[in-house]
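Colleague: Next up is a structure, given as structure tokens.
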Amino acid sequence: MNGGIWTIAMVAVLGLVAIGIYGLLITRNLIKIVVALQVFAKGTILVMVAAGGISGKPAIGQSLAITVIVADTVVTVMALALAIQIRRWCGTLDARSISRLRR
Amino acid sequence: MIIQTFVLSATLICALMAITARRLLISALWLAGCSALLALSIALLGAPEVGVVELSVGAGLVTIIFVFAINVAGEEAVGLTSIVPRPLAWALMGVFLLLLAWLVVPSLLVPALPRDSLQFWQALWGERQLDTVLQVILIFSGVLGSLGLLAERPEGGRAENKREEGAAS
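The listed protein sequences correspond, in order, to chains A and B.
The opening position of the first sequence corresponds to residue 190 in our numbering, with each subsequent residue numbered one higher.
The opening position of the second sequence corresponds to residue 3 in our numbering, with each subsequent residue numbered one higher.
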């Protein structure tokens with residue numbers, strides 16, 4: 190009974206990670222890249238909770254999930270600030286324009 | 003179990019819509035929906051504390067930051083497809099999924115281990131105290147870093163630089 194729930198959670202993890210990877214690969218827009226990274230990180234949060242439940246140590250898994258949420262939020266904020274600055278200096282959100290920042 | 007399946011599949015649909023949406027603002031809103039549904043499913047899986055944090059941080063704070071960033075940077079969604087061709091993207095995704103499933107599936111086949119009696123707050127504030135303190139430091143460094151990145155260069159400094167360049171030439 191309990192195992193079925195974790196199997197569904199793991200299938201959802203595989204789906205979220207797959208969607209995140211696909212989004213990272215198909216776009217060049219910097220903000221869209223951060224959106225895909227967020228989807229990827231959501232899969233990571235879910236896998237932490239599910240792994241804690243499967244291994245019989247839910248408290249460790251949940252505290253690790255909190256760590257992942259905090260780190261992921263800080264990474265998102267920094268990446269969006271960088272994207273705004275690149276837009277200001279290059280006039281576009283294209284990831285290829287970063288090479289133009291080199292003098 | 004039916005509710006969990008329903009909520010998790012709705013999360014996946016929201017994630018897919020966030021990736022495929024043409025406009026950035028719509029994409030951010032789908033991401034917020036995905037985050038809220040993920041918080042609900044985590045709470046249904048027996049971790050309500052993590053669900054609350056995910057709901058407030060993932061669906062609240064991150065969405066506000068996204069909307070702010072999109073407003074500042076402007077919409078520029080169309081036409082920026084990657085240099086990676088679509089079939090290659092699908093193939094890479096498939097390889098990654100196979101590797102991940104190869105790692106995950108054996109852990110699902112063994113019978114569930116007995117739960118230990120460690121409470122969530124004991125794990126967070128007792129066993130992983132150093133990590134919690136480091137998270138606080140990480141948040142502060144993130145705030146300071148984004149303030150430094152977003153800071154405007156003072157106009158006087160730029161004018162002085164131009165004057166110096168002119169004098170040098």
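Yeah, the Cβ is synthetic: ideal placement off N, Cα and C, and Gly gets one too.
On the DSSP bridge list, what partners appear for D283/A?
Modeller: N218/A
Colleague: Closer than 8 Å, CB to CB, is T65/B near chain A or not?
Modeller: no
Colleague: Candidates L235/A, N218/A, L219/A, G241/A: which alpha carbon is nearest S37/B's?
Modeller: L235/A
Colleague: Contact defined as beta carbons within less than 8 Å: I believe V228/A pairs with A268/A. What is the distance between those atoms, to the nearest angstrom?
Modeller: Incorrect: roughly 14 Å between the Cβ atoms, too far for contact.
Colleague: Tell me, which residues are paired with T83/B by DSSP?
Modeller: T216/A
Colleague: Would you tell me roughly how many angstroms separate the C-alpha atoms of E77/B and L27/B, rounded to the nearest one?
Modeller: 8 Å
Colleague: In whole angstroms, what is the alpha-carbon distance linking E56/B and L82/B?
Modeller: 30 Å
Colleague: Give the list of continuous beta strand (DSSP E) stretches no shorter than 3 residues that lie fully inside the region 195-258 of chain A.
Modeller: Counting only runs of 3 or more, we get nothing.
Colleague: Only counting the same chain, and skipping five residues up and downstream in sequence, which positions put a Cβ closer than 6 Å to that of V59/B?
Modeller: Excluding sequence neighbours, V59/B sits near nothing in its chain.
Colleague: When the cut-off is 8 Å and only beta carbons count, does G159/B lie next to chain A?
Modeller: Per-residue confidence for G159/B stands at a pLDDT of 48, beneath the threshold of 50, marking its modelled position as unreliable; the derived number appears in the next sentence. Cβ-Cβ to chain A under 8 Å: no for G159/B.
Colleague: Thinking C-beta only, is L282/A closer than 8 Å to R276/A?
Modeller: yes
Colleague: Per the contact definition of three or more C-beta pairs closer than 8 Å, is the region 243-257 of chain A in contact with the region 9-25 of chain B?
Modeller: no
Colleague: Give me the Cα-Cα distance between A270/A and L31/B, rounded to the nearest whole angstrom.
Modeller: 19 Å
Colleague: In chain A, which residues lie with their C-beta within 9 Å of the C-beta of P116/B?
Modeller: G245
Colleague: Taking CB distances under 8 Å as the criterion, tell me whether A125/B reaches chain A.
Modeller: yes
Colleague: Mind checking the region 133-156 of chain B against chain A and listing, in chain order, the residues whose C-beta falls within less than 7 Å of any C-beta there?
Modeller: For chain A, the residues of the region 133-156 of chain B that bring a beta carbon within less than 7 Å of one of its beta carbons are D133, Q137, L140, I141, G144, G147, S148, L151, L152, in chain order.
Colleague: How should Q121/B be labelled, buried or exposed, when 16 other C-beta atoms within 10 angstroms of its C-beta is the threshold for buried?
Modeller: exposed
Colleague: Between the C-alpha atoms of L47/B and L10/B, what's the straight-line distance to the nearest angstrom?
Modeller: 11 Å
Colleague: Can you tell me whether DSSP reads D118/B as helix, strand or coil?
Modeller: coil
Colleague: Helix, strand or coil: which one does DSSP assign to V112/B?
Modeller: In the three-state DSSP reduction, V112/B falls in the coil class, being neither helix nor strand.
Colleague: Taking the Cβ atom as the reference point for each residue, do A91/B and I215/A lie within a distance shorter than 8 Å?
Modeller: yes
Colleague: Nearest-angstrom Cα distance between A45/B and R291/A?
Modeller: 47 Å
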